[in-house]
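Data block below; observations after.
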Amino acid sequence: MPNTISHDMGLLRFTTAGSVDDGKSTLIGRLLYDCKAVFEDQLSALERASLLKGREHVDLSLLTDGLKAEREQGITIDVAYRYFATPRRKFIIADTPGHVQYTRNMVTGASTANLALLLVDARHGVQEQTRRHAFISSLLGIRSFVLCVNKMDLVDYSLERFEEVCAEFREFASRLEIANISFVPISALNGDNVVNRSANMPWYEGSTLLYILENTFVGGDRNMIDARLPVQTVIRPQEERWHDFRGYAGQIAGGVFRPGDEIVALPCGLKSRIVDIYSGNKKLDAAFPPQSVVVTLADDIDISRGDMLAKSGNRPEVSQDIDLMLCVFSQDRPIRSGDKLILRHCGSDMQALVRELRYKVDVNTLHKVEGTNELGLNEIGRAVLRTAKPLLHDPYSRNRITGSVIIVDPFDNTTLAGGMILNRNKGAEEAAE
Amino acid sequence: MPSYSVSHLDMLEAEAMFVIRECVAQFRNPVLLFSGGKDSIVLTHLACKAFWPAKLPFPLMHVDTGHNFPETLDYRDALAERIGAKLIVASVQDSIDKGRVREETGANASRNRLQTTTLLDALSQWAFDAAMGGARRDEEKARAKERFFSHRDEFGQWDPKNQRPELWTLFNGRMNPGEHFRVFPLSNWTELDIWQYIRREGIELPCLYYAHERDVIERNGTLLAVCEHVIPREGETVTRRSVRFRTMGDAPITGAVESRATALSEIIAETAIARVTERGGRADDRRSDSAMEDRKKEGYF
């Protein structure tokens, strides 16, 4: 029974991007259906809807398209989250449209993902869309990739064709920071190598897609070295019994904290010692990502939201000059040099000035386009910001939580852009060549 | 080497606690919408955990249609008292009496949709700027598009095509006066996660969630509990069956499922092999293909 779940499994978040024609919806539908995550009433609603639209077979894309406008237009506008589980793991799929006008959705989906599932049509090989998805996933810090070469049934299950496509992708991927890639020849329509091994491709000795998803190690995505606790809120019970209780609440963003550890509170720089770490009313021996905890200290220090606890020998960088890659989300408000905007990072909001736009990246070719003075919707580029207060941060490549920011419009409060802080010490850790 | 492994429930719990704390940190006057259903019970449990040893820094609010199961109301009152939370009850009957809404008429009349007005009126009466709810993305296809922090304009409306992107855990709760936010800490939980977490944490639930003998009728393919709000019509036969509820809404629209599961482990086993979604028994969702999206745009939960 595929759905009886053992208790101690982890969680894998992965992204998919692509259009209707490359078989992505069929693949997701296949995974959900074969893992029993599609229910009978959903299926009968799908059958009804497919019939009304005059489709010959059940259109599984209707399953992920949640909004009326999406169903009417037959497109995915937004990120759709889907959930399924096997006895080994729980999965969250962030399914995004792959077209260039939806780059921002891809960025959103990739920001919390551990793995990127790329899909190519065996007949057409690596397309612009595949490259764009791979580049954005790598830029957002995803280190594990699976390339599914789909529609193998339409190329006679040819080993040669599979290897050609893999070689094509390998060449492109060598320019990205990717730790591991798996290649799987599949037919989503017939189910070959998705959940079950294919009898049509005896030459393929690798694992099925589901096996890879179940077993890919993603623990390395957590930073277990640099202890960081961004303070979200301070807990002070208004009760006699807890009169002296002062707890700093937050989600551990990196490293391990233990009772007795010496810590430094930033930005004030005062040192103290951890007395207790709580999760609810339970005391913990150690706190590590991604736990949400409360920490009490031996000394009474003035700490509030936006501050950070770290170890004195391993502190985040503190700077007002931030070098970062920005991806712009706003339809009608580009980001220009000279703009004064609001920057949000961990628990703090502050003003920021766009000092310089260095270049934008052509997301299809990875080429840098210099001499740009604005970044518009869906554009990705490198910028230098000056913040009103020192920012306690790490490079994004080291910590996705302390290394990321969003830019907010001070007038209408919308989110204009997302940013990944680059490593200043390395000088130029450039995403583009 | 100590183990730093985390189960999927640990990750979901940590994420939900982060979102609840973020809601309290970012808003001036938040409230938790408590329906008496299992999701809002889990949400309340997580909120208590997030602020322990302090009491909840926000009240619970129940939008009472007047058609609730009495078991739900008893549970609600006992819970609020046990955790020392302030409980606000916003009544749909009051909205009707004040002429703010008019009761639906006809065979399948329901107060489900009227709740929206009562909810929006109460939010503005108490000047709440954020309302936390237990909605989950896996429940329903329009909910799958929800953000953790979901913006509502000055009319309480949701604009699903123009939502703020949510990257990493950087939630943007900035807004103009008169607007508010809905916050959904359980966005990434599934029905099975909820049940597994209830078991792990030993959370007490209203007895309606466990199998019990009850008089039911079958109406539009749904089993409804016979009570003062559900009176058998001509041609409907009352039978006594062993049933339980998978979701908790008003008596006239909440379908029961036949079950003998009286223990959590049995419910989890049934949930794991269920072939119909939990809201499959909800008449409010069946009105049309976009029933939930339409209600949500108006300001529904």
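One line per chain: the protein sequences are L and B, in this order.
Letter by letter, the first sequence follows residues 69 to 501 in the working numbering.
Letter by letter, the second sequence follows residues 5 to 305 in the working numbering.
C-beta: ideal position from N, C-alpha, C; glycine also.
- Going by beta carbons, L:F213 and L:A184 fall inside the 8 angstroms limit.
- The beta carbons of L:V262 and L:L411 sit no closer together than 8 angstroms.
- Note on the stretch 131 to 181 of chain B: there is no whole alpha helix (DSSP H) run with a minimum of 4 residues.
- For B:F22, at least one C-beta of chain L is nearer than 8 angstroms to its own C-beta.
- The three-state secondary structure of L:Q319, taken from DSSP, is strand.
- Taking the beta carbon of B:E26 as reference, the chain L residues within 7 angstroms of it are Q300, listed in sequence order.
- The contact set of B:N180 on chain L, defined by CB atoms closer than 9 angstroms, consists of D480, N481 in chain order.
- Going by beta carbons, L:A420 and L:L409 fall inside the 8 angstroms limit.
- When DSSP reads this structure, L:T176 sits in no beta bridge, so it has no partner.
- In this structure, DSSP gives B:Q97 a helical state, which the three-state scheme calls helix.
- Nearest neighbour of B:R218 by Cα position, chosen from B:P189, B:M21, B:F185, B:A255, turns out to be B:A255.
- Closest by C-alpha distance to L:D367, out of L:G328, L:V233, L:K457, is L:G328.
- According to the DSSP secondary-structure assignment, B:R248 is paired through a beta bridge with B:V261.
- Contacts between L:I469 and chain B, judged by CB atoms closer than 8 angstroms, involve W172, T173 in chain order.
- With at least 16 other beta carbons inside 10 angstroms of its own, L:I489 counts as buried.
- In the same chain as B:V35, and ignoring 5 residues on each side of it, the C-beta atoms closer than 8 angstroms to its own belong to F62, P63, L64, M65, I92, L127, W130, F132, A134, A135, M136, in chain order.
- Straight through space, the alpha carbons of B:A89 and B:G259 are spaced by roughly 30 angstroms.
- The beta carbon of L:Q359 sits closer than 8 angstroms to some beta carbon of chain B.
- In the DSSP assignment, L:E231 falls within the unbroken alpha helix (DSSP H) covering 227 to 241.
- Of L:M418, L:P458, L:H461, the smallest CA-CA separation from L:P478 is found for L:M418.
- When Cβ pairs closer than 8 angstroms are counted between the two stretches, the stretch 452 to 460 of chain L is seen to touch the stretch 379 to 390 of chain L, the count reaching three or more.
- Per DSSP, the unbroken beta strand (DSSP E) holding L:A85 starts and ends at 78 to 86.
- Taken in chain order, the complete alpha helix (DSSP H) segments of 4 or more residues contained in the stretch 353 to 439 of chain L number zero; there are none.
- Look at the stretch 311 to 330 of chain L: the residues with a C-beta under 7 angstroms from a C-beta of chain B are F313, A317, Q319.
- Considering only beta carbons, the part of the stretch 146 to 171 of chain L lying closer than 9 angstroms to chain B consists of D146, V147, A148, Y149, R150, Y151, F152, A153, R157, K158, I160, in chain order.
- If you check the CB distance, B:P236 and L:R172 do not come in under 8 angstroms.
- Put simply, the CB of L:G78 is near chain B, with a gap under 8 angstroms to one of its CB atoms.
- Taking 8 angstroms as the cut-off, the beta carbon of B:D142 is found no closer than this to the beta carbon of B:E107.
- Residue state for L:S212 is assigned as strand, using DSSP reduced to three classes.
- Between the stretch 332 to 350 of chain L and the stretch 367 to 383 of chain L there are three or more C-beta pairs closer than 8 angstroms, enough to call the two in contact.
- Straight-line measurement puts the Cα of L:I161 at about 38 angstroms from the Cα of B:H71.
- Taking every protein chain shown into account, the CB of L:Q169 has fewer than 16 other CB atoms within 10 angstroms, so this residue is exposed.
- For B:S269, the enclosing alpha helix (DSSP H) covers residues 268 to 277.
- Between B:F55 and chain L, the shortest Cβ-Cβ separation is below 8 angstroms.
- For L:G97, the uninterrupted alpha helix (DSSP H) run begins and ends at 92 to 102, by DSSP.
- In its chain, beyond the 5 residues on either side, L394, V396, P402, I403, L425, K428, G449 have a beta carbon closer than 7 angstroms to the beta carbon of L:L443.
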